[in-house]
Every structure is written in C-alpha cells, then in structure tokens.
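Q:
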Amino acid sequence: MQTPQEIRMEIFAIFSILFSLIVPICAAILPVAILVGLGIFIYRRSKMRDVAKQAALNWSSTMGVVVTSTVQVKRSYKSRSEIPAVVYQYQVDGKPYMGKVIKAGEQFFSVRLYGDAQKTVARYPVGAQVMVYYNPLNPADSALER
494 MQTPQEIRME IFAIFSILFS LIVPICAAIL PVAILVGLGI FIYRRSKMRD VAKQAALNWS
554 STMGVVVTST VQVKRSYKSR SEIPAVVYQY QVDGKPYMGK VIKAGEQFFS VRLYGDAQKT
614 VARYPVGAQV MVYYNPLNPA DSALER
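The sequence shown maps to residues 494 to 639 in our numbering.
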C-alpha cells in the first residue's frame, strides 16, 4: 500500500511528463492555427468583396452630390494609414439616401497604396455631381464605383 506522499509524488510525476509533452506540441500548433485562421478570414472577406462587386454590376444608377470628402488619418504605435472618407447624397423614387461606400465591395476587404486616399478624395470634391450605383432591392446599399 502506498502512502499519500507516494501517491502525490506519482501524480506530480505524471503531470510533469504530460506538461513536458503538451507545451512543445502547443508551441508548434498554436502559430500554425493562428496563421490558418488569419488566412481563412482574409479569404472569406475577399470572397464577400468579389460577390458584392459582381452584384453591383446589375445595380441601377442615379445622380447624387458629394457632401463631404476628406482623408481620415489613423495612427497606431508604429504605423499611419490614410483612408478616403466620401459621403454623398442621392434620391431614389423621391426618397433621400446617404452613402459612403466608394467602391462596391470595399466595405468587406480593401487594400490601399500610399497616396491613394488623396487621389480618391480629389476625384470626389465637395459639391460634385456624381453617378451613384444602388441596389434596386435595397436603395440604401450604394457605391460610387462598381
């Protein structure tokens, strides 16, 4: 018969062995799982963007006017990004709407090069008349470019 002290020592030895096996396995699997998860996220967002862009090809159009057009600067600890912020008004069947999506599908996934924000804002100055593409089934869903 084993004493309680011996039983505790055996349990401790078993847990020590298990821990020494599990830690290296987790250290190898966790980074791979994170990368796979990130890849799946980017792939799905990219597919959503492509589906939205394709659907926008069949949207109706109407004239609108640019209400605001600015470059938003977002800063983090080590980086700085510029995002075009264009807001436009348009009407469908006499009902007013406001939109902010520039390219159809970009609300799901977009990559911008440095300087693109200024170029985009320059294309859409405040007060400019613009062609607005909208979803005839949901006119609040709109974009300036397809």
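Heads up, the beta-carbon is just placed ideally off N, CA and C, and yes, glycines get one too.
All of these numbers come straight from a predicted model, not from anything done at the bench.
1) Could you work out which residue in 610, 626, 638 and 599 is closest to residue 640 when comparing CA atoms only?
2) DSSP on residue 537, reduced to helix/strand/coil?
3) For residue 551, write down the residues that DSSP places opposite it in a beta bridge.
4) Inspect the CB distances between the stretch 516 to 523 and the stretch 560 to 576 and report whether three or more fall short of 8 Å.
5) Along the chain, where does the beta strand (DSSP E) that runs through residue 634 open and close?
6) Return the chain-ordered list of same chain residues with a C-beta closer than 6 Å to the C-beta of residue 633, the five sequence neighbours on each side being excluded.
7) Buried or exposed: where does residue 581 fall if 16 or more other Cβ atoms within 10 Å of its Cβ makes it buried?
8) Once DSSP output is grouped into helix, strand and coil, what is the label at residue 592?
9) Residue 583: buried (16+ other C-beta within 10 angstroms of its C-beta) or exposed?
10) Please name the residue, chosen from 629, 628, 554 and 494, that lies closest to residue 460 on a Cα-to-Cα basis.
11) Which one or two residues does DSSP pair with residue 624 in a beta bridge?
12) What do you reckon, are the CB atoms on residue 564 and residue 611 nearer than 8 Å?
13) With a CB to CB cut of under 6 Å and the five nearest residues on each side skipped, what residues in its chain are close to residue 624?
14) Give me the Cα-Cα distance between residue 502 and residue 521, rounded to the nearest whole angstrom.
A: Let's see:
1) This structure cannot speak to residue 640, because the chain is shown only from 494 to 639.
2) In the sequence shown, counting from the first residue as 1, residue 537 sits at position 44. Three-state result, residue 537: helix.
3) Position 58 of the sequence shown, counting from 1, holds the residue named residue 551. None, per the DSSP bridge assignment.
4) no
5) Within the sequence shown, residue 634 is the residue found at index 141, counting from 1. Segment 631 to 636, the beta strand (DSSP E) holding residue 634.
6) Reading the sequence shown from its first residue, position 140 is the one you call residue 633. Cβ neighbours of residue 633 beyond the five flanking positions: 590.
7) For the purposes of this step, residue 581 is taken as residue 88 along the sequence shown, with counting starting at 1. Flag for residue 581 reads buried.
8) Counting from 1 along the sequence shown, the entry for residue 592 is found at position 99. Residue state, collapsed to three classes: strand.
9) Counting from one through the sequence shown, the residue named residue 583 turns up at place 90. By the 10 Å Cβ count, residue 583 comes out buried.
10) Residue 460 falls outside the range modelled here, since the chain spans only 494 to 639, and no answer is possible.
11) Taking the first residue of the sequence shown as 1, we reach residue 624 at position 131. Looking at the DSSP assignment, residue 624 forms a beta bridge with 556.
12) For the purposes of this step, residue 564 is identified with residue 71 of the sequence shown, where counting begins at 1. For the purposes of this step, residue 611 is identified with residue 118 of the sequence shown, where counting begins at 1. In this structure, residue 611 lies closer than 8 Å to residue 564 by Cβ.
13) As a position in the sequence shown, residue 624 is number 131, starting the count at 1. Once the five neighbours on either side are set aside, the close Cβ partners of residue 624 are 554.
14) Within the sequence shown, residue 502 is the residue found at index 9, counting from 1. Within the sequence shown, residue 521 is the residue found at index 28, counting from 1. Each residue's Cα considered, the two are about 29 Å apart.
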